Amino acid sequence: MFKADLHIHTEYSIDSSNKLEGVIERCLELGINCIATCDHGTTEGAIKLRDIAPFMVIVAEEVLTPEGEIMGMFLKETIPSGISVDETISRIREQNGLVCIPHPFDIFRPSALKSKALNKIADRIDMIEVFNARTLPYQNMSRPQNFAIKHNLPQSAGSDAHTLSEIGKAYVEMPEFDGRDDFIESLVQGKIYGSRTNPLIHFLSLGNRIRKKLGNR
0 MFKADLHIHT EYSIDSSNKL EGVIERCLEL GINCIATCDH GTTEGAIKLR DIAPFMVIVA
60 EEVLTPEGEI MGMFLKETIP SGISVDETIS RIREQNGLVC IPHPFDIFRP SALKSKALNK
120 IADRIDMIEV FNARTLPYQN MSRPQNFAIK HNLPQSAGSD AHTLSEIGKA YVEMPEFDGR
180 DDFIESLVQG KIYGSRTNPL IHFLSLGNRI RKKLGNR
């Protein structure tokens, strides 16, 4: 069985400090043997991590569109940010990738796709993240799952880890798969586990973002 955290960031994301070697070490400590590395706006870190990790690494990316983020999974190269939702999905498909919607409906994240956009593309989504450990309380937590059930979509989960301590906060226990072609079948049979991350962790991400922006000047 895979213990799969399907939403992890590395230092290649502007708001994460996770060194590639640190991600590997932390996953081995926790028994996480499958991850989706989905940095913001790049697949560079995911590709490097896949090449050195002793476990399954899915090359993914969170692509920021004008309406919110879309996660492409099983990618071969980076998809640029800023393009439309339709173009993003088309480019994921061109790479034979899968379309996942991370943290949908989240009212506290400007980058989350909301109802209007989601309903327009419901028939083009391969899976939807129904549990994200970083999702803040005081909102309807059941909306992603209800959307998945309504549209008969496989349900995904992940820690959305931007720090090493967050890895494994949410994961899917699922049958092993070889690659893209049997991933969905395995995910459908999976069971989601997890707990919410302390909301204060978001300040660490903000600090990382500020430090990296200042460092690039």
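First residue of the sequence shown: 0, per numbering that gives the first Met the number 0; consecutive thereafter. Ideal placement from N, C-alpha and C gives every residue a C-beta, glycine not left out. In this text, all values refer to a predicted model and were calculated from it rather than measured experimentally.
- Counting other Cβ atoms within 10 Å of its Cβ, K168 reaches 16 or more and is therefore classed as buried.
- Sequence-distant Cβ neighbours of I124 in its own chain, meaning closer than 7 Å and more than five residues away, are V98, I100 and L152.
- In this structure, I7 is the residue among I7, G189 and E20 with its C-alpha nearest to the C-alpha of H102.
- By the neighbour-count definition (other C-beta atoms within 10 Å, threshold 16), Q188 is an exposed residue.
- DSSP places L63 in the strand class (E or B) of the three-state scheme.
- Around F146, the same chain offers P103, L117 and I127 as residues with beta carbons nearer than 7 Å, after the five sequence neighbours per side are excluded.
- Here D4 is bridged, per DSSP, to I34.
- In the three-state reduction of the DSSP assignment, N145 falls in the helix class, which pools H, G and I.
- Judged by their CB atoms, I69 and V58 are not nearer to each other than the 8 Å cut-off.
- By alpha-carbon distance to G44, the top candidate from Y11, I31 and I120 is Y11.
- The C-beta distance from P65 to S83 rounds to 7 Å, short enough to fall under 8 Å.
- Between the alpha carbons of I31 and A52 lies a gap of roughly 12 Å.
- The Cβ-Cβ distance between M173 and A35 does not fall below 8 Å.
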